[in-house]
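Student:
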Amino acid sequence: MDLFNEAGPDASSVPCDVETRPLAERLRPTRIEDVVGQEHLTGPDAPLARMVAARRLSSIIFWGPPGIGKTTLARLLADLVGMRFEAFSATDVTVAGLKAAYAEAKRHLRMGKRTVLFLDESHRAARNITETLLPVMEDGTITAILATTEAPSFTLPKGITSRARVLTLNPLDTGGLTQLLDRAEQHCGVQLNLTDEARIALFEQAGGDGRYFLNMVEDLLDAPAMEPLAPEDLRRILSRRIANYDRQGDGHYELASAFQKSIRGSDPDAALYYGARLVQAGEDPRFILRRLLVMASEEVAMADPTILGVVAAALDTFQHVGMPEAKYALAQAIVAVATAPKSNAVYLAWKQAMALAEATPNVRPPRRILNAPTELHRSLGFKTDYEYSHDWPNAFSAQNYWPDELGRHRFYAPNERGFEATIKRRVEHWNGLREERDRRDADG
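For what it's worth, our numbering labels the leading residue of the sequence shown as 1033, then goes sequentially.
(1) Which residue comes first and which comes last in the beta strand (DSSP E) that contains LEU1151?
(2) Could you compute how far the alpha carbon of ARG1215 sits from the alpha carbon of ARG1107?
(3) On the DSSP letters alone, give me the boundaries of the beta strand (DSSP E) that ILE1092 sits inside.
(4) GLU1153 and SER1121: beta carbons closer than 7 Å?
(5) Put GLU1315 into one of helix, strand or coil per three-state DSSP.
(6) Given 8 Å as the limit, is there contact between the region 1144–1159 and the region 1108–1119, that is, 3 or more CB pairs closer than that?
(7) Would a C-beta distance cut-off of 7 Å place THR1126 and VAL1067 closer than the cut-off?
(8) Please look up how many angstroms separate the CB atoms of ILE1092 and LEU1201, rounded, as I've assumed it's under 8 Å.
(9) Do you know how far the Cα of PRO1435 is from the Cα of ASP1475?
(10) Among ALA1344, SER1375 and ASP1077, which one has its Cα closest to the Cα of PHE1451?
(11) How would you write the range of the alpha helix (DSSP H) that ARG1268 sits in, first residue to last?
(12) Measuring only the C-alpha atoms, how far is MET1248 from ILE1455?
(13) Are the Cβ atoms of MET1327 and VAL1369 separated by less than 7 Å?
(14) Using a threshold of 7 Å, state whether the C-beta atoms of ALA1230 and LEU1253 are closer than that.
(15) Within 10 angstroms of its Cβ, does GLU1315 collect 16 or more other Cβ (buried), or is it exposed?
(16) By the DSSP assignment, the alpha helix (DSSP H) with GLU1468 in it spans what residues?
(17) With C-beta atoms as the reference, is LEU1270 less than 7 Å away from PRO1317?
(18) Report the rounded CA-to-CA distance for MET1386 versus HIS1409, giving the unit in angstroms.
(19) Just to confirm my understanding: we take ALA1078, look at its own chain, exclude 5 residues before and 5 after, and list those with CB closer than 8 Å. What are they?
(20) Taking the C-alpha atoms as reference points, what is the distance between GLN1364 and VAL1378?
(21) Rounded to the nearest angstrom, how far is the Cβ of ALA1302 from that of SER1294, given a contact under 8 Å?
(22) Once DSSP output is grouped into helix, strand and coil, what is the label at THR1429?
(23) Could you give the residue range of the alpha helix (DSSP H) that holds ILE1232?
(24) Under a CB-based cut-off of 7 Å, is GLU1390 close to chain D?
(25) Throw me the rounded Cβ distance for the VAL1367 and LEU1304 pair, which I believe falls under 8 Å.
(26) Within 10 Å of its beta-carbon, does ARG1472 have 16 or more other beta-carbons around it, so buried, or fewer, so exposed?
(27) Please state the DSSP three-state secondary structure of PHE1117.
(28) My understanding is that THR1173 touches LEU1089, with C-beta atoms under 8 Å, so please give their C-beta distance in whole angstroms.
(29) Could you round the C-beta distance between LEU1055 and LEU1080 to whole angstroms and report it? I think they count as a contact, below 8 Å.
(30) What residue range is occupied by the uninterrupted beta strand (DSSP E) comprising ARG1197?
(31) Please report the straight-line C-alpha distance between TYR1306 and LEU1213, rounded to a whole angstrom.
(32) Which residues mark the beginning and the end of the beta strand (DSSP E) in which ALA1176 is found?
(33) Report the three-state DSSP secondary structure of GLU1170 (helix, strand or coil).
(34) Based on Cα-Cα distance, which residue from ARG1058, LEU1380 and ALA1085 lies nearest to CYS1220?
(35) Work out the CA separation of LEU1112 and THR1062 for me, nearest whole Å.
(36) Using 10 angstroms around the beta-carbon of ALA1137, count the other beta-carbons present and answer buried if the total reaches 16, otherwise exposed.
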């Protein structure tokens, strides 16, 4: 089930207080122009409008969060172009069931009637299920419309994604939810008695999910309030929304991405918010702390080399005391990484070093810096000209440690932020001494 169902001719004739179908079912639009929030697909000259105008559907993958109209659009498209509609859910469909549907589609095709086969939750389908679609998509037996809440490139076979057009649906914004609320109030002849703050809280609670929003509206309409409801009244009346979160799905990666970008952008408040979202959704705090360990080096590194230790200590705290006691150590680590001066100089240096290492895997280090465990080694020049740094002023000899055929390379370019500014002065001083020695050696 998606956002709406076909209301039927007598939907408005049944009073709200005796209607048994959910409100979301009763308000499912019967016209494509009544689908809210997806005007980029349904508006004039948009992809779906063009298909309808041509009366020819191509196979489609609808990608978007739950409750925004994927099933509705599939049903409406089939009806508008005069095609049969067969719907399945990947959570319970069988190969035998699909093959029976293909046989029925072929029978109708011989009579001039084409079929839309709709597969909901397609990201949950086993590979043997989706692979049965390929031949019947190719020979025209069916036109496939797949609905998924996860990125198709990760969850569907390439054979499917290459034969279908991926169309992204948006979560409903305040404007779309307002339209749904107006329709619900008009349909039931009752207005919600909410404060302005409660109305905003209700929209936020929906999280862009129109179906869930209408379920909440129905709960509120079933027991009209005499006094305007405040946000705390909503929390009391409505059950807390379970986060749309899958540790292996888009919800996981989207929150993790927002978390990392907030830290990289030095916004501790946003970082704490997304960290809390991850914890609230049931994410293992060790995932967050491991991510922070990476960021302590990737985003901060030598701009504040103490940050890695702060995060390691937070992980150690979690492993010793667990949650909820370790929540403040987790928060401290988040704030520490977010507020530290940022430098990706080490990150960039490592990438350059890896690239050169991959390009020169067989170049040997110079013999002057290799150990000489035997007389033969010494006779061949191993360690003969090695200069022990501590024997030189300031423990720096400026000797060249690079293979002679490669020459010196510079990967690490420290910046002026945080402690790295001090390192920058050291590195520039050492590089100057190396250049001076190279000139002396070149002059003989």
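Think of the CB as a built atom: it goes at the ideal place given N, C-alpha and C, for glycine as much as any other residue.
Tutor: Looking at the coordinates:
(1) Per DSSP, LEU1151 belongs to the beta strand (DSSP E) from 1147–1152.
(2) 21 Å
(3) 1092–1095
(4) yes
(5) Judged by DSSP in its simplified three-state form, GLU1315 adopts coil rather than helix or strand.
(6) yes
(7) no
(8) The pair is not a contact, with the Cβ atoms about 11 Å apart (cut-off 8 Å).
(9) Their Cα atoms are separated by approximately 20 Å.
(10) SER1375
(11) Here the alpha helix (DSSP H) through ARG1268 covers 1263–1269.
(12) Rounded to whole angstroms, MET1248 to ILE1455 spans 57 Å at the Cα level.
(13) yes
(14) no
(15) buried
(16) 1452–1475
(17) no
(18) Counting only the Cα atoms, HIS1409 lies some 29 Å from MET1386.
(19) GLU1071 and HIS1072
(20) Between GLN1364 and VAL1378, the C-alpha separation is close to 24 Å.
(21) 4 Å
(22) Reading off the sequence, residue 1429 comes out as Ser, not Thr. Here SER1429 carries a coil assignment [DSSP, helix/strand/coil].
(23) Residues 1228–1238.
(24) Of the protein chains in the structure, only one exists, and it is not chain D.
(25) About 7 Å; that satisfies the 8 Å criterion.
(26) exposed
(27) strand
(28) That pair is no contact at about 14 Å.
(29) Actually they are not in contact, since the Cβ atoms of LEU1055 and LEU1080 sit about 25 Å apart, beyond 8 Å.
(30) For ARG1197, the enclosing beta strand (DSSP E) stretches over residues 1197–1200.
(31) Computed Cα separation, rounded: 29 Å.
(32) Start and end: 1175–1180.
(33) GLU1170: helix per DSSP, three-state reduction.
(34) ARG1058
(35) Spanning the two alpha carbons is a distance of roughly 10 Å.
(36) buried
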